[in-house]
Amino acid sequence: MPDRIVEMAGDKDAFDIRSEQLDVLDVEVLVWIVGGNPGAAERIAADPLYRLLAVARDGRDVFVTDPVVSGALTWGTVLSLPHAVESLVPLLSVAADRSARARDPSLCRFRRGPDEGQFSAE
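Each number in the working numbering comes from the position in the sequence shown (counting from 1) with 11 added on.
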C-alpha cells in the first residue's frame, strides 16, 4: 500500500478522500469494495475527476459489486476469504494484464467480449 494512503488512513480502516486527493488512487490496480452500496460503482466510474486517473482510463480498476464477495472481503475470515479470492482472481488478472500493457503495449492485448465485463486475450 502506498505510504501516502497509510498516512491518510492513520489507525482507521476507512477514510474520506477529497477530490483534490484523488491522485492517491492512481495505483497499479485499484479494488473498490462497493457491494453493499448499490450504484456506487457507477457513481465512481462516472466522476469526471476519477476518469482522469490513468488507473480508470486504462481499466485497471476492479469494482466488487457482488454483496457476498464484498462481505467476504470485509469480514476477512478463514471461511470467507477463499470465496472472495476465487471470485476476484479472474478480475485481478485482467486488471494486472492491463497494467502490464499500460507499461508496455506489446505485452498483451484484450478485446471486449459479448458481456461488458468479460475480456479475452487476442
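C-beta atoms are modelled at their ideal positions from N, C-alpha and C, and glycine is treated no differently.
Give the single residue among the options whose Cα lies nearest to the Cα of residue i.
| i | options | result |
| --- | --- | --- |
| V40 | L90, G70, A95 | G70 |
| V45 | R29, D37, A25 | A25 |
| V42 | D108, A57, L102 | L102 |
Straight-line CA distance for residue i to residue j?
| i | j | result |
| --- | --- | --- |
| D77 | D14 | 29 Å |
| I3 | L84 | Here the chain has residues from 12 to 133 only, and residue 3 is not among them. |
| R68 | F74 | 14 Å |
| D58 | G21 | 26 Å |
| C119 | Y61 | Model confidence at C119 stands at a pLDDT of 46, short of 50, so the residue's coordinates are unreliable; what they give is reported in the following sentence. For C119 and Y61, the distance between alpha carbons rounds to 25 Å. |
| N48 | R112 | 31 Å |
| H94 | Q32 | 32 Å |
| A107 | R29 | 26 Å |
Tell me whether residue i sits in a helix, a strand or coil according to DSSP, three-state version.
| i | result |
| --- | --- |
| V105 | helix |
| L63 | coil |
| T3 | Since the first residue shown for the chain is 12 and the last is 133, residue 3 is missing from the structure and cannot be characterised. |
| R112 | helix |
| S91 | coil |
| R15 | helix |
| R29 | coil |
| D34 | helix |
Give me the DSSP bridge partner(s) of residue i.
| i | result |
| --- | --- |
| F74 | W43 |
What distance in whole Å lies between the Cβ atoms of residue j and residue i, which are believed to be in contact at a cut-off of 8 Å?
| i | j | result |
| --- | --- | --- |
| D35 | M12 | Note on residue identity: the sequence assigns Val, not Asp, to residue 35. Not quite, the Cβ-Cβ distance comes to about 11 Å (not below 8 Å), so this is no contact. |
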